[in-house]
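**Student:**
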Amino acid sequence: MDRRFLTLDALRAVGALMVVLTHVAFHTGRYPQGWTGAMLAHFDLGVALFFVVSGFLLARPWFAASAAGAPPPSTGRYLWKRALRILPLYWVVVAVCLIAAPANSDVGVGGWIANLTLTQIYTQDTHAYGLAHMWSLCTEVAFYLALPLVVRLLTPRDRLDVRRVLVVCLLLSIGGVAFAAGARTWFDQPFAAEWLPAYLPWFLAGTALAACSVDPGMRARLDAAARDLAGWWLLALGLFVAACTPITGPTGLVDAPTPAESALKCVLYGAVAVCVIFPLVFGPELDGPVRRWLASPVPSALGEISYGVFSIHMFVLLMGMELLGFGTFNDRFWTVLGMTLAVTIPIAALSYIFFERRMMRLRGWRPSGRRPKRRPEPEPDAETVPASASEPGETEAAAATSTIATSESA
176 MDRRFLTLDA LRAVGALMVV LTHVAFHTGR YPQGWTGAML AHFDLGVALF FVVSGFLLAR
236 PWFAASAAGA PPPSTGRYLW KRALRILPLY WVVVAVCLIA APANSDVGVG GWIANLTLTQ
296 IYTQDTHAYG LAHMWSLCTE VAFYLALPLV VRLLTPRDRL DVRRVLVVCL LLSIGGVAFA
356 AGARTWFDQP FAAEWLPAYL PWFLAGTALA ACSVDPGMRA RLDAAARDLA GWWLLALGLF
416 VAACTPITGP TGLVDAPTPA ESALKCVLYG AVAVCVIFPL VFGPELDGPV RRWLASPVPS
476 ALGEISYGVF SIHMFVLLMG MELLGFGTFN DRFWTVLGMT LAVTIPIAAL SYIFFERRMM
536 RLRGWRPSGR RPKRRPEPEP DAETVPASAS EPGETEAAAA TSTIATSESA
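First residue of the sequence shown? That's 176 in our numbering, and the numbers climb one at a time after it.
Given below as structure tokens:
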């Protein structure tokens with residue numbers, strides 16, 4: 176029976192909370208305050224969690240189809256689903272920020288176009304108040320567009336060779352680390368370090384895990400290695416502590432990291448994210464209290480609204496500080512954090528229930544207006560193999576079909 180990866184929604188919630196914490200800490204001047212400040216400054220690790228999870232869930236349907244000898248997922252349908260999941264709420268947030276924030280009153284047509292098309296990291300002077308954090312969404316969307324080409328490179332002739340996938344992912348990741356190290360000096364562009372190549376190692380880490388997860392032999396070995404969740408998470412903690420030291424560069428925006436510091440940060444963040452995620456996608460899915468709690472309703476629900484939390488929180492944070500009369504670096508961390516979460520989480524929940532889910536219901540609609548030919552598929556949240564698929568070939572084909580469902584909510 177194939178897995179449902181029930182714990183990954185909770186990881187999205189953790190990633191979103193880490194992003195909120197690091198932004199609140201920055202704007203309240205908490206970064207320079209000892210070890211706690213250093214830890215909060217490195218909670219941008221939440222982005223690495225997002226990217227590794229995305230690489231895993233989105234690449235897995237292609238690998239599952241290749242392993243089963245089944246047709247690959249439709250690229251057009253995949254992109255349509257990604258657009259429905261990301262763009263509607265993003266466009267609303269952009270419009271609200273550009274219209275409602277006085278600081279954005281001078282944003283011109285070029286700024287509107289760049290922000291609405293997620294291209295603001297490729298141009299200069301188009302970042303807007305309340306939208307600075309959206310650089311990571313620009314990078315993630317770039318990966319969405321590149322993924323079909325990446326999978327084609329990893330699985331030529333639609334046949335899965337896990338060793339080839341691992342070798343190619345490693346080589347591309349080395350190139351990505353090199354790009355992360357040199358982006359600030361190679362390009363006369365202030366946001367080059369935010370482009371996809373610098374973060375490709377994180378996406379490819381998830382992609383490599385996805386390939387291993389659909390290969391029976393590799394999966395059996397990794398399932399055995401992943402049983403010790405506490406051990407993997409202690410290793411992740413140790414790597415995170417190392418990342419919080421000056422070896423990954425200065426905190427804040429005043430001083431830029433050196434190439435070596437940028438490379439180390441990329442490697443360490445990726446390693447931490449893999450160590451956190453590995454025992455959740457391999458090993459016993461619901462064994463032990465931690466795994467069962469992560470798969471329980473409350474963490475899962477927070478994971479479902481995590482995209483809204485990520486998208487909305489910066490505008491709430493900045494406008495809330497203005498309304499409360501708090502200046503930047505005001506040392507009111509707990510007050511600002513409480514205000515940000517108290518406003519953001521309910522808005523994100525309402526957005527998910529009444530807006531985002533309605534947009535996602537359009538997944539079966541095609542821009543041409545023609546209804547797609549329907550074929551038997553599992554329910555949207557299913558990740559199981561039908562009991563009737565008793566022959567090995569039928570079971571693999573069913574797994575290839577069912578694994579697509581989980582990726583749709585990524």
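From the three backbone atoms N, C-alpha and C, an ideal C-beta is built for every residue, glycine too. Remember, it's a predicted structure, so these values are computed and weren't measured experimentally.
Quick one: grab the DSSP three-state call for L186.
**Tutor:** Numbered from its first residue, the sequence shown carries residue 186 at position 11. Reduced to three states, the DSSP call for L186 is helix.
**Student:** Could you check what DSSP says for A562 in three-state terms: helix, strand or coil?
**Tutor:** For the purposes of this step, residue 562 is taken as residue 387 along the sequence shown, with counting starting at 1. The predicted model places A562 with a pLDDT of 30, which falls under 50 and marks its position as unreliable, so this point remains unresolved.
**Student:** Can you tell me where the alpha helix (DSSP H) holding I422 begins and where it ends?
**Tutor:** Counted from its first residue, the sequence shown places residue 422 at position 247. For I422, no alpha helix (DSSP H) run applies, since DSSP gives it neither H nor E.
**Student:** Select from G357, L412, A411, V195 the residue whose C-alpha is nearest the C-alpha of G305.
**Tutor:** The residue you call residue 305 lines up with position 130 of the sequence shown. Measuring from the Cα of G305, the nearest candidate turns out to be V195.
**Student:** May I ask you to verify whether the segment 371–379 touches the segment 457–471, counting CB pairs closer than 8 Å and requiring at least 3?
**Tutor:** no
**Student:** For A401, name the three-state secondary structure that DSSP assigns.
**Tutor:** Numbered from 1 along the sequence shown, position 226 holds the residue referred to as residue 401. Coil, per DSSP.
**Student:** Ordered along the chain, which non-local residues of its own chain (more than five positions away) have a Cβ less than 6 Å from that of I480?
**Tutor:** Stepping through the sequence shown from its first residue, residue 480 is reached at position 305. Hits under 6 Å: A523, A524, Y527.
**Student:** Who are the Cβ neighbours of D506 in its own chain at under 8 Å, not counting the five residues just before and after it?
**Tutor:** Against the sequence shown, residue 506 aligns to sequence position 331. The residues are T203, G204, R205.
**Student:** Which parts of the segment 363–409 are runs of the alpha helix (DSSP H), unbroken and 4 residues or longer, counting only runs that do not cross its ends?
**Tutor:** 371–388, 391–400
**Student:** Please return the same chain residues whose Cβ sits closer than 6 Å to the Cβ of T250, not counting the five positions on each side in sequence.
**Tutor:** For the purposes of this step, residue 250 is taken as residue 75 along the sequence shown, with counting starting at 1. Taken in chain order, the residues that qualify are P323.
**Student:** Can you tell me whether P331 is buried or exposed, with buried defined as 16 or more other CB within 10 angstroms of its CB?
**Tutor:** Position 156 of the sequence shown holds residue 331. The residue in question, P331, is exposed, as its Cβ has fewer than 16 Cβ neighbours within 10 Å.
**Student:** Going by C-alpha distance, which of A278, A276, A353, I261 is nearest A317?
**Tutor:** One-based indexing of the sequence shown puts residue 317 at position 142. Considering only alpha carbons, the answer is I261.
**Student:** Considering Cα atoms alone, identify which of W210, T515, W266, F508 is closest to L312.
**Tutor:** The residue labelled residue 312 in the question sits at position 137 within the sequence shown. The candidate whose alpha carbon is nearest that of L312 is W266.
**Student:** Rounded to a whole number of angstroms, what is the C-alpha to C-alpha distance between A270 and V518?
**Tutor:** Taking the first residue of the sequence shown as 1, we reach residue 270 at position 95. Taking the first residue of the sequence shown as 1, we reach residue 518 at position 343. Straight-line Cα distance between these residues: approximately 19 Å.
**Student:** Alpha helix (DSSP H) containing I480: first to last residue?
**Tutor:** Within the sequence shown, numbered from 1, the residue matching residue 480 stands at position 305. I480 -> no alpha helix (DSSP H), and no H or E assigned at all.
**Student:** Do T426 and A223 have their C-beta atoms closer together than 7 Å?
**Tutor:** The residue given as residue 426 occupies position 251 in the sequence shown. The residue given as residue 223 occupies position 48 in the sequence shown. No, Cβ-Cβ distance for T426 and A223 is not below 7 Å.
**Student:** What separation, rounded to the nearest whole angstrom, lies between the Cα atoms of A200 and H488?
**Tutor:** By one-based count along the sequence shown, residue 200 stands at place 25. By one-based count along the sequence shown, residue 488 stands at place 313. Rounded to whole angstroms, A200 to H488 spans 13 Å at the Cα level.
**Student:** Going residue by residue through the segment 280–322, where are the continuous alpha helix (DSSP H) segments of at least 4 residues, counting only ones entirely within it?
**Tutor:** 284–291
**Student:** Quick check: R359 and A368, are their CB atoms within less than 7 Å of each other?
**Tutor:** Numbered from 1 along the sequence shown, position 184 holds the residue referred to as residue 359. Numbered from 1 along the sequence shown, position 193 holds the residue referred to as residue 368. It is a contact, given that the beta carbons lie within the stated cut-off.
**Student:** Classify V325 as helix, strand or coil using the three-state DSSP reduction.
**Tutor:** Working through the sequence shown from its first residue, we reach residue 325 at position 150. Correct three-state label for V325: helix.
**Student:** With DSSP collapsed to three states, give me the class of P551.
**Tutor:** Numbered from 1 along the sequence shown, position 376 holds the residue referred to as residue 551. Interpretation of P551 is limited by its pLDDT of 39, a score under 50 that renders its predicted location unreliable; the figure taken from the coordinates is listed afterwards. Residue state, collapsed to three classes: coil.
**Student:** Straight-line CA distance for Y297 to G392?
**Tutor:** Residue 297 sits at position 122 when you count from the first residue of the sequence shown. Residue 392 sits at position 217 when you count from the first residue of the sequence shown. Computed Cα separation, rounded: 42 Å.
**Student:** Which same chain residues end up closer than 6 Å to R451 when comparing Cβ atoms and leaving out the 5 residues on each side of it in sequence?
**Tutor:** Taking the first residue of the sequence shown as position 1, residue 451 is located at position 276. First, the amino acid is wrong: residue 451 is Val here, not Arg. A411, listed in sequence order.
**Student:** Ordered along the chain, which non-local residues of its own chain (more than five positions away) have a Cβ less than 6 Å from that of F225?
**Tutor:** Within the sequence shown, residue 225 is the residue found at index 50, counting from 1. Taken in chain order, the residues that qualify are G190.
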